[in-house]
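For the sequence shown, UniProt numbering begins at 1 and goes up steadily by one.
The beta-carbon is built from N, C-alpha and C at its ideal position, and this holds for glycine as well.
Just so you know, these numbers come straight off a predicted model, no measurement behind them.
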Amino acid sequence: MKLITATQAHLPEIKHIAYETWPATFGAILSEKQIAYMLDWMYSIPSLTSQIEERGHVFILAQEGDEYLGYVSYELNCNGLPKTKIHKIYLLPASQGKGVGAMLINHVGEIATENENKALLLNVNRYNKAVGFYEKMGFNIVGNENIDIGDGFLMEDYIMEKPL
Numbered sequence: 001m002k003l004i005t006a007t008q009a010h011l012p013e014i015k016h017i018a019y020e021t022w023p024a025t026f027g028a029i030l031s032e033k034q035i036a037y038m039l040d041w042m043y044s045i046p047s048l049t050s051q052i053e054e055r056g057h058v059f060i061l062a063q064e065g066d067e068y069l070g071y072v073s074y075e076l077n078c079n080g081l082p083k084t085k086i087h088k089i090y091l092l093p094a095s096q097g098k099g100v101g102a103m104l105i106n107h108v109g110e111i112a113t114e115n116e117n118k119a120l121l122l123n124v125n126r127y128n129k130a131v132g133f134y135e136k137m138g139f140n141i142v143g144n145e146n147i148d149i150g151d152g153f154l155m156e157d158y159i160m161e162k163p164l
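This is the structure in structure tokens:
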């Protein structure tokens with residue numbers, strides 16, 4: 001398995017993984033309408049382009065052979081602090097539980113450390129079973145927030161942090 005930094009050419013693949021993963025991840029947590037709204041908001045090609053070109057997000061894809069298994073996106077020095085924010089991490093359902101997520105998080109942790117960042121941050125839906133995975137990876141819940149994303153929808157998240 002190899003990890004590659006995504007380019008503009010990879011954006012359709014990132015979008016595809018999101019559209020395959022979200023219904024399985026959030027189907028029991030969010031309405032179909034909210035899932036569709038959030039996918040369109042975060043995963044249109046213009047939105048992904050903006051995340052990379054204007055917001056400084058870096059996407060890393062996990063690839064095995066010709067298949068992309070998942071991705072992580074991160075931002076160094078988030079909000080001017082020596083902390084790296086993991087904005088997104090999603091794996092195709094068939095790739096979950098095989099160490100790919102841990103590999104992606106550890107890779108981002110290495111990049112963060114090389115850039116003198118002292119912690120990894122992420123937000124996760126409070127009802128997402130991934131909370132337990134993040135705790136196993138050394139993240140702790142440090143807060144929670146409800147984020148109004150428009151159209152009557154909220155993101156109800158834990159804020160989690162892992163010291164490096």
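Query	Result
Under 8 Å between the Cβ atoms of ASN155 and TYR134?	Before going on, a small fix: residue 155 reads as Met here, not Asn. No, the Cβ-Cβ distance between MET155 and TYR134 is not below 8 Å.
Have a look at LYS85 and LEU122 and give me their C-alpha separation to the nearest angstrom.	6 Å
I'd like to know whether the C-beta atoms of VAL108 and TYR158 end up nearer to each other than 8 Å.	no
Check for me: the beta strand (DSSP E) holding ASN106 runs from which residue to which?	Not the beta strand (DSSP E): ASN106 falls in the alpha helix (DSSP H), residues 100 to 114.
Let me check one thing: in DSSP terms, what residues is GLU53 bridge-paired to?	Answer by DSSP bridge pairing: none, since GLU53 is not bridged.
Can you give me the start and stop residues for the beta strand (DSSP E) that HIS10 sits inside?	It is not in any beta strand (DSSP E) - HIS10 carries neither H nor E in the DSSP assignment.
In angstroms with no decimal places, state the Cα-to-Cα distance between LEU91 and LEU11.	15 Å
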